[in-house]
Structure formats: C-alpha cells, structure tokens
Amino acid sequence: PDSHAILRVRGLSKQYANGHQALHALDLDIWRGEIFALLGANGAGKTTLISIICGLVNRSSGTVLVDGADNVTDYKRARQKIGLVPQELSADSFETVWNTVSFSRGLFGKAANPALIEQILKDLSLWDKKDSPLITLSGGMKRRVLIAKALSHEPEILFLDEPTAGVDVALRQGMWALVKRLRDQGVTIILTTHYIEEAQEMADRIGFINKGSLQLVETKHNLMRRLGGKTLSLTLA
Ligand code: ATP
1 PDSHAILRVR GLSKQYANGH QALHALDLDI WRGEIFALLG ANGAGKTTLI
51 SIICGLVNRS SGTVLVDGAD NVTDYKRARQ KIGLVPQELS ADSFETVWNT
101 VSFSRGLFGK AANPALIEQI LKDLSLWDKK DSPLITLSGG MKRRVLIAKA
151 LSHEPEILFL DEPTAGVDVA LRQGMWALVK RLRDQGVTII LTTHYIEEAQ
201 EMADRIGFIN KGSLQLVETK HNLMRRLGGK TLSLTLA
C-alpha cells in the first residue's frame, strides 16, 4: 500500500445520549489498498466507529476525512466513496438480484451501467441467480448480494461488518478469498470480526478496539511482505 491515507480519523469521540462514552479521541489512518481488520469484543465500539465514518451516527467531536472529503461538511462526496455491507441480512425482498443491485447504484445518483453490474455479479458468483428473488436465496448468497449492492456505485472503501458471522467453514474461506480478490481489484477493505485467526488470515493490519480506544498491530504476514520475505522473529501481540 502507498503512504496516502484514504481514510483519516482524528480525535474521534462519541458520547451517546445516555452518557455512555463509546469512543475516546480515536485516531486512525487507513492506507489505500489495504485490508484492515477491526477486532474487538461485544460493545468495544466497532459498529459505532463504522457508523460515524459512514454518516449514520453523529460524532461528538473529531474529524473524518474520506479520501480528503470531510464526512460532515462534504458528506455527499465522502459517502460516494464508501460501500457499506451491514451485519444483518436485510435482504428478504421479492425483488430480483439484478434489480436490487442496479437500483442501489441509482440511489447514489450514478447512471445505469449494465456491463458493470454484470461484472460484479459474475465476480460474486451470482450471475446465474440474477433473475432470482432475494427471498429464494441462501444466507451465503444474500450476503454476497449485500456486497454486490455495496459495490454497485464503485466505492473506493468497502466496510464489511462481521462478514463471516453465522457462516459455515467452507463459506467462510470463500468469503476470505473474495475479500482478497476485491482488494486485488483496488478496493480498500475495512472489516470487523470477533475472531483473531480471521483477522490474521485476512488483514494487512489489525486494530484492536477496547472500550472505545484503539491499538494498532501489523500482521506477521504483512511485515514479511514489506521486508521482502526476510525471516522475522517477532512476537506479535
Ligand atoms: P458488537 O461486537 O456487539 O457489534 P461493537 O464493538 O460494535 O459491539 P458498539 O455497538 O459500537 O460495539 O457499542 C459500543 C458501546 O456503546 C456499547 O457499550 C453499547 O452499549 C453502547 N451503545 C451503542 N449504541 C448506543 C446507543 N444508541 N445509546 C447508548 N449506548 C449505545
């Protein structure tokens, strides 16, 4: 990844209306082209952080720049650059896969692009399901439809909130491969997970979030890659 931060978070704090402090002056830089895993226990602040970045929840203080666009004062431009795959499978409609994904692109004000939608559906192994209503799909397919939706407006950063929650072992490995393929196509990926093995398997860097504060760690894999394969005897937290 080059040194340009595609996402820059500075001094981000969040106090909910009930007084709970969910984020404490959090700083984070995400490098263009990396896979970043946000690892933390239930209630650590992962969803709060993602929701603020994506503009779904107001911050209390701090700034978020998405590829240079402030996500409050320049919200529309910032949001265009983001694809969000929510955790819950809110995909139980009678609409077809094709219409769902095409419509999603339209919501972002982008001109129809059937060739692009076709490419996305093929990449996600959904092409033979393009005319199927969502309600007839398996959980793993619905999750891929949500990813296709999130990619439909050609975002630069993709947020995946617990992409393997409730997914069996085979599908989990398929999801890992898919995420790496998207990264290889140039999409920056930020995902949340509860599993350290998953974070280590997939990510270039890991952010441990605990009670609204963050500790950054490079994965062994990434350190080796950056050092050109030289052996390391480092112990990673
Ligand atoms: P999980 O792994 O369970 O999804 P998380 O790391 O995503 O957890 P958050 O959902 O960001 O954690 O929650 C962080 C903290 O903020 C928790 O203590 C939670 O109870 C609290 N919280 C979240 N939303 C609200 C809200 N609307 N009002 C008050 N407190 C909230």
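The opening residue of the sequence shown carries number 1 in the working numbering; numbering runs sequentially from there.
For glycine and all other residues, C-beta sits at the position ideal for the given N, C-alpha and C.
Is any non-hydrogen atom of the ligand ATP found closer than 6 Å to the C-beta of residue i, if you look at the structure I gave you?
i           : result
residue 18  : yes
residue 63  : no
residue 211 : no
residue 58  : no
residue 22  : yes
residue 47  : yes
residue 115 : no
residue 43  : yes
residue 40  : yes
In three-state DSSP terms, what is residue i?
i           : result
residue 24  : strand
residue 214 : strand
residue 174 : helix
residue 103 : helix
residue 32  : coil
residue 15  : strand
residue 114 : helix
residue 307 : This structure cannot settle anything about residue 307, because the visible part of the chain is limited to 1 through 237.
residue 37  : strand
residue 158 : strand
residue 140 : helix
residue 7   : strand
residue 148 : helix
residue 167 : coil
residue 78  : helix
residue 123 : helix
residue 199 : helix
When you compare only the Cα positions, how much space is there between residue i and residue j?
i           : j           : result
residue 169 : residue 208 : 24 Å
residue 306 : residue 221 : What is shown of the chain runs 1 to 237, which leaves residue 306 out entirely.
residue 40  : residue 89  : 21 Å
residue 114 : residue 211 : 44 Å
residue 215 : residue 206 : 8 Å
residue 106 : residue 78  : 17 Å
residue 219 : residue 156 : 23 Å
residue 5   : residue 19  : 32 Å
residue 30  : residue 66  : 10 Å
residue 123 : residue 43  : 34 Å
residue 239 : residue 182 : Nothing about residue 239 can be reported from this structure: the residues present for the chain run from 1 to 237 only.
residue 1   : residue 204 : Bear in mind that a pLDDT of 42 at residue 1, under 50, signals an unreliable position, so the number given afterwards is only what the model happens to contain. Computed Cα separation, rounded: 9 Å.
residue 130 : residue 185 : 22 Å
residue 173 : residue 12  : 33 Å
residue 110 : residue 148 : 15 Å
residue 201 : residue 125 : 22 Å
residue 178 : residue 7   : 22 Å
residue 55  : residue 86  : 14 Å
residue 73  : residue 127 : 39 Å
residue 164 : residue 36  : 15 Å
residue 176 : residue 162 : 12 Å
residue 57  : residue 145 : 24 Å
Checklist entry - How about the segment 110 to 120 and the segment 191 to 210: do they share at least three Cβ pairs that are nearer than 8 Å? => result no
Checklist entry - Looking at C-beta atoms only, is the number of pairs between the segment 6 to 26 and the segment 57 to 75 that lie closer than 8 Å three or more? => result Judged by pairs of C-beta atoms under 8 Å, the segment 6 to 26 touches the segment 57 to 75, as three or more such pairs exist.
Next on the checklist: Across the segment 84 to 103 and the segment 134 to 147, are there enough close Cβ pairs to call them in contact, namely three or more that are closer than 8 Å?
Outcome noted: yes
Next on the checklist: Does the structure place the segment 137 to 153 close enough to the segment 40 to 50 that three or more beta carbon pairs sit under 8 Å?
Outcome noted: no
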